[in-house]
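Asks: Structure in structure tokens, see below.
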Amino acid sequence: MQIDKEVVGGVLVVRLRGELDHHAVEPLRDEIEQSLENTHYRGLVLSFQGIDFMDSSGLGLILGRYRTLSSRGGKMVLCEVNANLRKIFELSGIFKVVPVFESEDSALRAIKEA
Amino acid sequence: MEQKVQSKVIAANYMHLQFPSRSENESLARVAVAAFVTVLDPTMEQLTELKTAVSEAVTNAIIHGYDGGEGEVRLHCALKDGTVEVVVEDDGIGIEDIDQARQPLFTSRPELERSGMGLTIIENFVDEFFISSEPGRGTRVTMRKVLASSETLN
Chain A
0 MQIDKEVVGG
10 VLVVRLRGEL
20 DHHAVEPLRD
30 EIEQSLENTH
40 YRGLVLSFQG
50 IDFMDSSGLG
60 LILGRYRTLS
70 SRGGKMVLCE
80 VNANLRKIFE
90 LSGIFKVVPV
100 FESEDSALRA
110 IKEA
Chain B
0 MEQKVQSKVI
10 AANYMHLQFP
20 SRSENESLAR
30 VAVAAFVTVL
40 DPTMEQLTEL
50 KTAVSEAVTN
60 AIIHGYDGGE
70 GEVRLHCALK
80 DGTVEVVVED
90 DGIGIEDIDQ
100 ARQPLFTSRP
110 ELERSGMGLT
120 IIENFVDEFF
130 ISSEPGRGTR
140 VTMRKVLASS
150 ETLN
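Rendered as structure tokens:
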């Protein structure tokens, strides 16, 4: 599991790559939490462009970060969810909790306007 | 004639895999099952669903069955008439209340950020799904998924 992090206007952008399963999420959770602390929980964009497999461990990672940000007043959005992942997203109802955008740009705009 | 023989071979095919309950084996398990069913030429969607269901069952064995500790997970796969059967077994703590475990969003391990969606995902991604479990003895999850119509095989 590889990730690429960038801070854009105070908002943390995390681009995930590889397979998001239980093995991958445990180290990832701590790394993202640390970066959120460093950026004062302003906001988080999670990009799934490079993810070709995800199971319920990925849902846990998303919901966990959503809880962190909600409790600190920060916003979180997702973007670039490919067709392979759509069914698991729909089944989980995560679309109703965390907004999903087509592109990283539109995701960032939505956070800044919120 | 040749096709008939091939169909018999497919019906008889099986695979067993056993591995220690280490999280890096989650990907091994789902990739092995995906490779095993290649002969049926499944769609990408079917393959993703099957891999996700296997990943959920194996992750459950590792996290819940063995509580992240040592143990062995066994995976049995068989192909018959275009349907794959996958059985995931552990000798872990077992499930006290299977009905409760199957409730969407129920998790016994919220502190591990489990979403409680694993069994719901399995239920939706395969055609048949059973759990048998004995507390203190282990859990067995059986899944069946139709990957090819019987016409394709004749």
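From first to last, the protein sequence lines are chains A and B. Mapping to numbering that gives the first Met the number 0: the first sequence position 52 is 51, numbers consecutive. Mapping to numbering that gives the first Met the number 0: the second sequence position 24 is 23, numbers consecutive. Just so you know, even glycine gets a beta-carbon here, dropped at the ideal spot from N, CA and C.
1) What separation, rounded to the nearest whole angstrom, lies between the Cα atoms of residue 69/B and residue 137/B?
2) According to DSSP, is residue 47/B helix, strand or coil?
3) Rounded C-beta distance between residue 57/A and residue 28/A? I'm assuming under 8 angstroms.
4) Terminal residues of the continuous beta strand (DSSP E) containing residue 19/B?
5) Are the Cβ atoms of residue 114/A and residue 80/A separated by less than 7 angstroms?
6) Counting only beta-carbon separations shorter than 7 angstroms, does residue 39/A have a partner in chain B?
7) Across which residues does DSSP place residue 100/A in a beta bridge pair?
8) By DSSP, does residue 29/B sit in helix, in strand, or in coil?
9) If you follow the beta strand (DSSP E) that residue 62/A is in, where does it begin and where does it stop?
10) Quickly, what does DSSP pair residue 88/A with across the bridge? List them, please.
11) Output, in chain order, the set of chain A residues within a Cβ distance shorter than 7 angstroms of residue 113/B.
12) Pick from 20/A, 8/A, 39/A, 14/A: whose alpha carbon is nearest that of residue 73/A?
13) For residue 106/A, count the other beta carbons within 10 Å of its own beta carbon; 16 or more makes it buried, fewer makes it exposed. Which is it?
14) Could you tell me whether the Cβ atoms of residue 114/B and residue 55/A are closer together than 7 angstroms?
15) Chain B beta carbons: is any one of them nearer than 7 angstroms to that of residue 49/A?
16) Exposed or buried, what is residue 65/A when buried is set at 16 or more other beta-carbons lying within 10 Å of its beta-carbon?
17) Might you give, ordered along the chain, the residues of its own chain that have their beta carbon closer than 7 angstroms to the beta carbon of residue 41/A, omitting 5 neighbours on each side?
18) Cβ atoms of residue 142/B and residue 85/B: under 7 angstroms apart, would you say?
19) If we define contact as Cβ-Cβ less than 7 angstroms, is residue 67/B a contact residue for chain A?
20) Which residues bound the beta strand (DSSP E) around residue 75/B?
21) Using a beta-carbon distance below 7 angstroms, is residue 59/B in contact with chain A?
22) With a cut-off of 8 angstroms on the beta carbons, I'd call residue 93/B and residue 135/B a contact; round off their distance for me.
23) Which value, in whole angstroms, describes the spacing of the CA atoms of residue 4/A and residue 43/A?
Replies: So, to answer that:
1) Start at 1 with the first residue of the second sequence, and residue 69/B comes out as number 70. Start at 1 with the first residue of the second sequence, and residue 137/B comes out as number 138. A straight line joining the alpha-carbon of residue 69/B with that of residue 137/B spans about 13 angstroms.
2) Within the second sequence, numbered from 1, the residue matching residue 47/B stands at position 48. Residue 47/B: helix per DSSP, three-state reduction.
3) Position 58 of the first sequence holds residue 57/A. Position 29 of the first sequence holds residue 28/A. With a Cβ gap of about 11 angstroms, residue 57/A and residue 28/A do not count as contacting.
4) Position 20 of the second sequence, counting from 1, holds the residue named residue 19/B. Here the beta strand (DSSP E) through residue 19/B covers 13–19.
5) The first residue shown for chain A is 0 and the last is 113, placing residue 114/A beyond what the model contains.
6) Mapped onto the first sequence, residue 39/A falls at position 40. Not closer than 7 angstroms to any Cβ of chain B, the Cβ of residue 39/A fails to qualify, so no.
7) As a working mapping, residue 100/A is identified with position 101 in the first sequence. 78/A, per the DSSP bridge assignment.
8) Indexing the second sequence from 1 puts residue 29/B at position 30. In the three-state scheme derived from DSSP, where H, G and I count as helix and E and B as strand, residue 29/B is classed as helix.
9) As a position in the first sequence, residue 62/A is number 63, starting the count at 1. Segment 55–71 is the alpha helix (DSSP H) holding residue 62/A; no beta strand (DSSP E) there.
10) Position 89 of the first sequence holds residue 88/A. Under the DSSP definition of a beta bridge, residue 88/A lacks any partner.
11) Position 114 of the second sequence, counted from the first residue, corresponds to residue 113/B. Simply 59.
12) In the first sequence, counting from the first residue as 1, residue 73/A sits at position 74. Comparing Cα-Cα distances from residue 73/A to each of 20/A, 8/A, 39/A, 14/A, the minimum goes to 39/A.
13) Translated into positions along the first sequence, residue 106/A becomes position 107. Per the 10 Å Cβ criterion, buried.
14) For the purposes of this step, residue 114/B is taken as the residue at position 115 of the second sequence. For the purposes of this step, residue 55/A is taken as the residue at position 56 of the first sequence. Cβ atoms of residue 114/B and residue 55/A: closer than 7 angstroms.
15) Taking the first residue of the first sequence as position 1, residue 49/A is located at position 50. No, because no Cβ of chain B sits closer than 7 angstroms to the Cβ of residue 49/A.
16) Start at 1 with the first residue of the first sequence, and residue 65/A comes out as number 66. By the 10 Å Cβ count, residue 65/A comes out buried.
17) Locating residue 41/A in the first sequence gives position 42, where the first residue counts as 1. Around residue 41/A, the same chain offers 9, 10, 73 as residues with beta carbons nearer than 7 angstroms, after the five sequence neighbours per side are excluded.
18) Position 86 of the second sequence, counting from 1, holds the residue named residue 85/B. Position 143 of the second sequence, counting from 1, holds the residue named residue 142/B. Yes, Cβ-Cβ distance for residue 85/B and residue 142/B is below 7 angstroms.
19) What you label residue 67/B is simply residue 68 of the second sequence in a count that begins at 1. False, the Cβ-Cβ gap to chain A never drops below 7 angstroms.
20) Locating residue 75/B in the second sequence gives position 76, counting from the first residue. Segment 71–79, the beta strand (DSSP E) holding residue 75/B.
21) Here residue 59/B refers to the residue found at position 60 when the second sequence is read from its first residue. Not one chain A Cβ lies under 7 angstroms of residue 59/B.
22) Counting from 1 along the second sequence, the entry for residue 93/B is found at position 94. Counting from 1 along the second sequence, the entry for residue 135/B is found at position 136. Between residue 93/B and residue 135/B, the beta carbon gap of about 6 angstroms places them in contact (Cβ cut-off 8 angstroms).
23) Position 5 of the first sequence, counted from the first residue, corresponds to residue 4/A. Position 44 of the first sequence, counted from the first residue, corresponds to residue 43/A. So the two alpha carbons sit approximately 10 angstroms from each other.
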